[in-house]
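A.B. asks:
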Amino acid sequence: MSTDNALPSASSLHQHACLTLNQSDCLRLIRFPTTIISVVRQAILSSWHRGLQNEKEYGGAYEFKLNGNPWLGQGSVAVESRVMMMLVLSALHHHGWYLLMSTDVSKKQEGKDLLIFRAGIPPQSTSFFAVSFNEWDKLRLIGVPHDLIRAVQQTIGTSRIQYEDWIYSETAYQFKLCGYPWTADGYETVTSRMIILDLLDCFTSLGWQLHASINMSTSHKGCHTDTWFFRRNHQ
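Under our numbering, think of the first position of the sequence shown as 4, with each following residue one higher.
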C-alpha cells in the first residue's frame, strides 16, 4: 500500500481533514486519505437506500452526489439523512478521525456546517444516536437504544408530552411536546432551554457524550435547527 493511501500513523496527530455538506445532495471530503473515501462510500450506501448519482474529484476534494435531496429532507427523508450522517460520523470515528468542530464559515443563506477532523489512533468500539428538533414542538431520537427512551420520558415529564410513538418503520422515536418550545417567546424560552439542559444531564448520566451539533439542513422555509449526535464507548 502506498503512503498516500495509508491511514495516518499515530505520529501524525496534527493532520486535519474536513467534510462539507453542499447544495441539496452533495457530500465532499477534503484532505482525507484515499482509504477513507471507501469507508464513507460504504457508510452512505448502507444507510441511504436511494444510492449515489455519481462521485468524482472536485477541485481538490472528493465529492459524492446522492440521489434525492438529503439536505432538504422533510418527513422520512429528514430522518434517513440523519441516519446516514450518524453512520458516516461513526465510520470516521472508528477509523481514528476525531471530530474537532462543526462550524459555519459560509455567508450563503443555504450554507451548512463544515466538519473538521483530526487524525488519531482508532478508539474502542462506540455506539451513536441522534437527536433532532422538528417543526415547532417535536423531538426525535434517531437510532436510539430502547432503554434511553424511558429515561427521556422521565426527564421531560408526562405533563409536557402530548403524545409519543415510533415513526418511519421505527427508525425514530418521536415526542410531540406541549406548547411550541422551538419557537418560544418570553418566559417560555427559559423553559425550553431547561428542557435542553435536562436532556443533556440525562444523556451524560447514562454515559453518552455529545459528539457533534450540526446544521445539516436547508429548510424550504429558511429556518432550521442543529441535529445532535451522541456517542458512548462500549463497556
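Just so it is clear, CB atoms sit at the ideal spot from N, CA and C, and this is done for glycine as well.
#1: What does the alpha-carbon distance come out to for the pair Met-87 and Ala-154?
#2: Pick from Cys-21, Glu-173 and Gln-177: whose alpha carbon is nearest that of Ile-164?
#3: Can you check whether the CB of Arg-234 is closer than 8 Å to the CB of Gln-212?
#4: Reducing DSSP to helix, strand and coil, say where Ile-159 ends up.
#5: Among Gly-99, Lys-179 and Ala-133, which has the Cα closest to the Cα of Gly-146?
#6: Could you check which residue in Glu-58, Cys-181, Ser-128 and Ile-198 has the C-alpha nearest to that of Ser-162?
#7: Check the DSSP bridge columns for Lys-115 and list the partner residues they point to.
#8: With a cut-off of 8 Å, do at least 3 Cβ pairs link the region 185-193 to the region 166-177?
#9: Using 8 Å as the threshold, is the C-beta distance between Ser-135 and Arg-85 below it?
#10: Tell me, please, whether the region 200-208 touches the region 61-72 by the rule of three or more beta-carbon pairs shorter than 8 Å.
C.D. replies: Walking through what the data contain:
#1: 25 Å
#2: Gln-177
#3: yes
#4: helix
#5: Ala-133
#6: Cys-181
#7: Lys-115 pairs with nothing; no bridge assigned.
#8: no
#9: yes
#10: no
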